[in-house]
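K.L.:
One structure is given below, represented as structure tokens, and several questions about it will come after.
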Amino acid sequence: MRYGFTTGSCAAAAAKAAAYMLLTGHEKNEITIETPKGILYHTQLVDIRRNGQACTCAVVKDSGDDPDVTNGIRIYARVSFSGEVMQPLGDGQPGITIDGGEGIGRVTLAGLDQPVGNAAINRVPREMIEKEVRQVCELCDYHGNLSVIIYAPEGVRLAEKTFNPRLGIEGGISILGTSGIVEPMSSHALLETVRVELRQQRVLGACVAAVAPGNYGLEFMKRTYGYDLEKSIKCSNYIGETIDMAVELGFSGLLLTGHIGKLVKLSGGIMNTHSREGDCRMELLTAAAIRAGALAESFPRLLSCATTEEALKILDETGFRQQVMDEVMERIAFYLDKRAAGRLKAECIMYSMEYGELAATAGAKELMERLCRRQ
63 MRYGFTTGSC AAAAAKAAAY MLLTGHEKNE ITIETPKGIL YHTQLVDIRR NGQACTCAVV
123 KDSGDDPDVT NGIRIYARVS FSGEVMQPLG DGQPGITIDG GEGIGRVTLA GLDQPVGNAA
183 INRVPREMIE KEVRQVCELC DYHGNLSVII YAPEGVRLAE KTFNPRLGIE GGISILGTSG
243 IVEPMSSHAL LETVRVELRQ QRVLGACVAA VAPGNYGLEF MKRTYGYDLE KSIKCSNYIG
303 ETIDMAVELG FSGLLLTGHI GKLVKLSGGI MNTHSREGDC RMELLTAAAI RAGALAESFP
363 RLLSCATTEE ALKILDETGF RQQVMDEVME RIAFYLDKRA AGRLKAECIM YSMEYGELAA
423 TAGAKELMER LCRRQ
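So the mapping is simple: the numbering used here equals the position in the sequence shown, first residue as 1, plus 62.
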């Protein structure tokens, strides 16, 4: 299946092109950037508008074979000379501000990638935009300030088809992506890929399968355990099916590591963590808080949270975070054991971006040590 490119890659490409046209005065009809994955993204530019103080252009989003609601929309970047006085960097590089315009959502609830009030342009896309624009500034020997506005007029309409309203992102879509690449999400193709990777690991002599929904905790796992999550098998939302395949292929153990936003669903026996299959994150956290004896006045607050990171802050404030996480992990262990049915040892480590490791099953550290030795 054909890969696509994220809204973050589109925004970075459009911003680079607009900066180039602004600073050189020459029109550009195509542009290339390097994604965080190391894959080059080459794209055409449309709707180019230029004047002496600003330049605007758009990139048409190509999601490849992934069924993405943003496929085909235009992601615009407007780059202009900024009159703002910004703190220059130590090496004399220009100051670059990045914001969202029409069709880009605004964060209204805490606990998301960006603080309340910011445009919903996540950290990695912001880094991509700044990197590409700075490259143009260096090429043109420009040391002034620039303003970058990312917008997507169709984003207002499309936002209703996403989870943004529920998450507290209002007015548009988000600019997302950690790798810059959109990987096709055909369930059959993805499960076959998981099977191939598991089989390959088994043939190479692995007895323990390292599994993760994605690379969200890459830095955390390297920092905490010295383990490169890139080496793990990416199971996406298909945790139950991955356990089944690991059993079939003869693994004796499986270590699942992941963010609480996905793994908390396991505490309710939900083995496919896609939001279409079930999203009881706050209900499950609240149930765990009740079992842990947390303060009753915190329950309505937990239920109204948009993200698990926000809920963790409430639990931390009330002094019950660890007790609740232990309750959650106890239920996760129960359902992992139930799915494995004694055929392999299934362990789990759960973390958050703000608090690090939250909880782990009894045998998780032992399996992690074995994986680190093998790695």
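Here a beta-carbon is modelled for each residue, glycine too, at the ideal position from N, C-alpha and C.
Bear in mind the structure is a predicted one, so any value in this text is a computation, not a measurement.
(1) Just tell me which of Ile-243, Glu-164 and Gly-242 has its CA closest to the CA of Ile-211.
(2) Look at the Cβ atom of Asn-207, then the Cβ atom of Ser-298, and state whether they are nearer than 7 Å.
(3) Tell me which residues share the same chain as Ile-93 and place their Cβ nearer than 7 Å to its Cβ, disregarding the 5 neighbours each side in the sequence.
(4) Along the chain, where does the alpha helix (DSSP H) that runs through Leu-347 open and close?
(5) Per DSSP, Ser-414 is paired with what?
(6) With a threshold of 16 other CB atoms inside 10 Å of the CB of Asn-447, please say whether the residue is buried or exposed.
(7) Unbroken alpha helix (DSSP H) runs of length 4 or more, entirely within the segment 177-254: which are they?
(8) According to the Cβ coordinates, are Ile-235 and Ala-221 closer than 7 Å?
(9) Under the assumption that Ala-81 contacts Val-141 (Cβ atoms under 8 Å), give the Cβ distance between them as a whole number of angstroms.
(10) For the candidate residues Thr-86, Thr-97, Gln-115 and Arg-64, whose alpha-carbon lies nearest to that of Ala-73?
(11) When the distance is taken between beta carbons, is Arg-401 closer than 7 Å to Gly-302?
(12) Using C-beta distances below 7 Å, list every residue in its chain close to Cys-202, excluding the 5 sequence neighbours before and after it, in chain order.
(13) Relative to the C-alpha of Ile-352, which residue among Gln-385, Ala-424 and Gly-323 is closest?
(14) How many angstroms separate the CA atom of Ser-329 from the CA atom of Ile-158?
(15) In this structure, how does DSSP classify Ile-101 when only helix, strand and coil are distinguished?
(16) Please state whether the Cβ-Cβ distance between Thr-380 and Ser-360 is less than 7 Å.
(17) Where does Ile-95 fall in DSSP's three states?
(18) Sort out for me which residues DSSP pairs Leu-334 with in a bridge.
(19) Excluding the 5 residues preceding and the 5 following Arg-257 in the sequence, name in chain order all residues of the same chain whose CB lies nearer than 7 Å to its CB.
(20) Name the one or two DSSP bridge partners that Ser-366 has.
(21) Can you name, in chain order, every residue of its own chain whose Cβ lies under 6 Å from the Cβ of Glu-389, other than the five neighbours on each side?
(22) My assumption, with CB atoms under 8 Å, is that Gly-217 sits in contact with Ile-166. Please give the rounded CB distance.
(23) Does DSSP classify Arg-64 as helix, strand or coil?
(24) Skipping 5 residues on each side, what residues in its chain have a beta carbon closer than 7 Å to that of Val-131?
(25) Since Leu-316 sits in a beta bridge, which residues does DSSP pair it with?
(26) Are there 16 or more other CB atoms within 10 angstroms of the CB of Phe-396, so buried, or fewer, so exposed?
(27) So, at 8 Å on beta carbons, what are the nonlocal neighbours of Gly-327 in its own chain, with the 5 sequence-adjacent residues on each side left out?
(28) If the criterion is Cβ atoms closer than 7 Å, does the pair Leu-291 and Ala-274 meet it?
(29) So Gly-239 and Val-186 are in contact, right, with Cβ under 8 Å, and what is the actual spacing, rounded?
(30) Could you say which of Glu-200, Arg-436, Val-178 and Leu-260 lies nearest to Gly-230 if we only look at CA atoms?
(31) Around the C-beta of Val-265, are 16 or more other C-beta atoms found within 10 angstroms, so that it is buried, or is it exposed?
(32) In terms of residues, what are the limits of the beta strand (DSSP E) holding Ser-142?
(33) Do Tyr-287 and Met-412 count as a contact pair if the criterion is CB distance below 7 Å?
P.N.:
According to the structure shown:
(1) Looking only at Ile-243, Glu-164 and Gly-242, the smallest Cα-Cα distance to Ile-211 is reached by Glu-164.
(2) Not closer than 7 Å, so no.
(3) Here the set comprises Ala-75, Lys-78, Ala-79, Thr-105 and Leu-107.
(4) According to the DSSP assignment, Leu-347 belongs to the alpha helix (DSSP H) that extends over 343-353.
(5) Ser-414 is bridged by DSSP to Gly-418.
(6) This structure gives no information on residue 447, because the portion of the chain shown stretches from 63 to 437.
(7) Segments of the alpha helix (DSSP H) lying fully in the segment 177-254: 185-201, 217-220 and 226-229.
(8) Remark: C-beta atoms of Ile-235 and Ala-221 approach each other more closely than 7 Å.
(9) The Cβ separation is near 5 Å, so the contact holds.
(10) Of the residues Thr-86, Thr-97, Gln-115 and Arg-64, the one whose Cα lies closest to the Cα of Ala-73 is Thr-97.
(11) Contact flag set, yes.
(12) By the criterion of a C-beta distance shorter than 7 Å, Cys-202 is surrounded in its chain by Leu-85 and Thr-86, once the five residues flanking it on both sides are discounted.
(13) Comparing Cα positions, the closest option is Gln-385.
(14) Across the structure, Ser-329 and Ile-158 are spaced so that their CA atoms are roughly 44 Å apart.
(15) Note: Ile-101 maps to coil in three-state DSSP.
(16) With respect to Ser-360, Thr-380 sits close: the two C-beta atoms are nearer than 7 Å.
(17) Residue state, collapsed to three classes: strand.
(18) Residue identity check: residue 334 is Asn in the sequence provided, not Leu. In DSSP, Asn-334 forms a bridge with Tyr-300.
(19) So the qualifying residues of the chain are Met-307.
(20) DSSP output for Ser-366 lists no bridge partner at all.
(21) Excluding positions up to five away in sequence, the list reads Ala-350, Arg-353 and Ala-354.
(22) Under the criterion of beta carbons closer than 8 Å, Gly-217 and Ile-166 qualify as touching, at roughly 6 Å.
(23) In the structure shown, Arg-64 falls within a coil segment according to DSSP collapsed to helix, strand and coil.
(24) In chain order, Leu-220, Lys-223 and Thr-224 place their CB closer than 7 Å to the CB of Val-131, counting only its own chain and leaving out the 5 sequence neighbours on each side.
(25) The partner list for Leu-316 (beta bridge, DSSP) reads Ala-271 and Ala-408.
(26) A residue is called buried once 16 or more other Cβ atoms fall within 10 Å of its Cβ, and Phe-396, having fewer, is exposed.
(27) The sequence given here has Lys at residue 327, not Gly. Taken in chain order, the residues that qualify are Thr-335, Gly-340, Asp-341, Cys-342, Arg-343 and Leu-346.
(28) Contact flag set, yes.
(29) The Cβ separation is near 6 Å, so the contact holds.
(30) Of the candidates Glu-200, Arg-436, Val-178 and Leu-260, the one whose C-alpha sits nearest the C-alpha of Gly-230 is Val-178.
(31) Val-265 comes out exposed.
(32) For Ser-142, the enclosing beta strand (DSSP E) covers residues 136-143.
(33) No.
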